[in-house]
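Notes follow once the structure below has been shown.
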Amino acid sequence: MNFIELAKKRYSVRSYSSRKVEKEILNKILEAGNIAPTAKNQQPQRIYVVEDTAMLAKLDTLTPCRYNAPTVLIFTYDTDDDWKNPNEAGIHSGIEDVSIVATHIMLQAAELGLGTTWCNMFGNTALEEAFDLPANEKSVLFMDLGYAAEDAEPSPGHTEKKPLADTVRYLK
Ligand SMILES: Cc1cc2nc3c(=O)[nH]c(=O)nc-3n(C[C@H](O)[C@H](O)[C@H](O)COP(=O)(O)O)c2cc1C
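The numbers in numbering that gives the first Met the number 0 rise by one with no breaks, and the one at position 152 of the sequence shown is 151.
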């Protein structure tokens, strides 16, 4: 499967089977995230693996978007460890870094036959408090991870993309 085939195969899975994610598969997926580029290679991403039933139930009180996934990855960045732009105050790379890491993970999972859902439908502060995350970390997203249930299918809008003319501009 080449890259375009893989990217087209991936879709947001919103119904997961109860099959657990095997440890070695999870490690492969996490390793794919670990080789992602980050600003100045500072690697501020932090990933929390949630598989414990009570922890998953806690997440369910904060979001409707777990869709029964047996594993959830919570992505944060360390605010002391992300790149700060010396050219403009307040601009820093944490969200960008985490997004690239999470994208690697999402696509590696798809290649291995697993489904994912990138989720930001939660209160960031509420999640950070509920999981007692360090004060110097900001949450960006959580990602559902698991095997798609038999009834899982892409949402109807999955292939509806704006034409490049709407999203790409050539500066002259
Ligand atoms: C930044 C971001 C946030 C998202 N948040 C959610 C979410 O909270 N819940 C959800 O079900 N899907 C979420 N999605 C999935 C998108 O709705 C989905 O990627 C988009 O509709 C395209 O569909 P596809 O992933 O099946 O191609 C999110 C995706 C991105 C990139």
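Yeah, the Cβ is synthetic: ideal placement off N, Cα and C, and Gly gets one too. From a predicted model like this one, the values you see are computed outputs, not experimental measurements.
Classification of Pro-43 by the beta-carbon crowding that lies within 10 angstroms, buried from 16 upward: A residue is called buried when at least 16 other Cβ atoms come within 10 angstroms of its Cβ; Pro-43 meets this threshold and is buried.
Any non-hydrogen atom of ligand 1 within 6 Å of Pro-63 CB: no
Element boundaries [beta strand (DSSP E), containing Lys-137]: 136-145
Cutoff 6 Å; reference Val-100; Cβ partners in own chain excluding five residues on either side: Gly-32, Ala-35 and Gln-44
Proximity of Asp-131 and Val-71 at Cβ, strictly below 7 Å: no
Alpha-carbon spacing of Pro-162 relative to Thr-116, whole angstroms: 24 Å
Heavy atom of ligand 1 within 6 Å of Asn-119 beta-carbon: yes
Touching by the beta-carbon criterion (3+ pairs, under 8 Å), the segment 82-100 and the segment 152-162: no
CB contact flag (Val-139, Val-97, <7 Å): Result yes, Cβ atoms of Val-139 and Val-97 sit closer than 7 Å.
Phe-74 (DSSP reduced to helix, strand or coil): strand
Unbroken stretches of the beta strand (DSSP E), 3 residues or longer, contained in the segment 80-165: 114-118 and 136-145
Nearest-angstrom Cβ-Cβ length linking Ile-73 and Tyr-47, presumed shorter than 8 Å: 4 Å
Pairwise C-alpha distance: Arg-65 and Asp-175: Here the chain has residues from 0 to 171 only, and residue 175 is not among them.
Same chain, Cβ closer than 6 Å to Arg-18, five either side skipped, listed in chain order: Tyr-146
Burial state of His-157, where buried means 16 or more other Cβ atoms lie within 10 Å: exposed
Pro-153 Cβ short of 6 Å to ligand 1 heavy atom set: yes
Classification of Asp-81 by the beta-carbon crowding that lies within 10 angstroms, buried from 16 upward: Taking every protein chain shown into account, the CB of Asp-81 has 16 or more other CB atoms within 10 angstroms, so this residue is buried.
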